[in-house]
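Some notes on the structure that comes next.
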Amino acid sequence: MRTVDFIRLGVVAILITYLLFRHLQRARLRRQEARWTGHGIDVAGLADRLERVRADFASEISTRRAEISRRQRWLESARLAVARLAYFRAKGVEPSAWTEPNSNL
Numbered sequence: 001m002r003t004v005d006f007i008r009l010g011v012v013a014i015l016i017t018y019l020l021f022r023h024l025q026r027a028r029l030r031r032q033e034a035r036w037t038g039h040g041i042d043v044a045g046l047a048d049r050l051e052r053v054r055a056d057f058a059s060e061i062s063t064r065r066a067e068i069s070r071r072q073r074w075l076e077s078a079r080l081a082v083a084r085l086a087y088f089r090a091k092g093v094e095p096s097a098w099t100e101p102n103s104n105l
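Take 1 as the starting number for the sequence shown in this note's numbering and just add one per residue.
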């Protein structure tokens with residue numbers, strides 16, 4: 001046999017080993033999923049919040065807006081922190097170039 005034949009045989013053996021390994025992994029995963037019984041969820045906390053929303057819908061809307069605003073501020077501060085990292089800075093670019101053109105919206 002030539003060297004090329006040995007290489008092909010080795011590649012085929014590695015491929016068969018990999019495929020057999022993946023097949024056994026999937027079979028084990030299917031067996032584990034079949035034994036999984038699942039679980040319920042506790043909705044006691046949801047019931048209290050639902051009653052508050054039903055009682056005073058307007059206050060829940062303002063609470064939601066404050067929460068969204070807080071998340072936007074966190075995202076903005078994270079964006080600015082990442083933009084200040086040396087890896088993300090373009091050479092010779094002014095710091096004002098990092099601000100978005102529509103940042104006042």
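Note that CB positions come from ideal geometry on N, CA and C, so glycine has one too.
Please look up how many angstroms separate the CB atoms of residue i and residue j, rounded, as I've assumed it's under 8 angstroms.
{"i": "glutamate 60", "j": "arginine 52", "result": "7 angstroms"}
Using the three-state DSSP reduction, which class does residue i fall into: helix, strand or coil?
{"i": "histidine 39", "result": "coil"}
{"i": "aspartate 56", "result": "coil"}
{"i": "leucine 85", "result": "coil"}
{"i": "arginine 65", "result": "helix"}
{"i": "arginine 2", "result": "coil"}
Who are the Cβ neighbours of residue i in its own chain at under 8 angstroms, not counting the five residues just before and after it?
{"i": "phenylalanine 21", "result": "none"}
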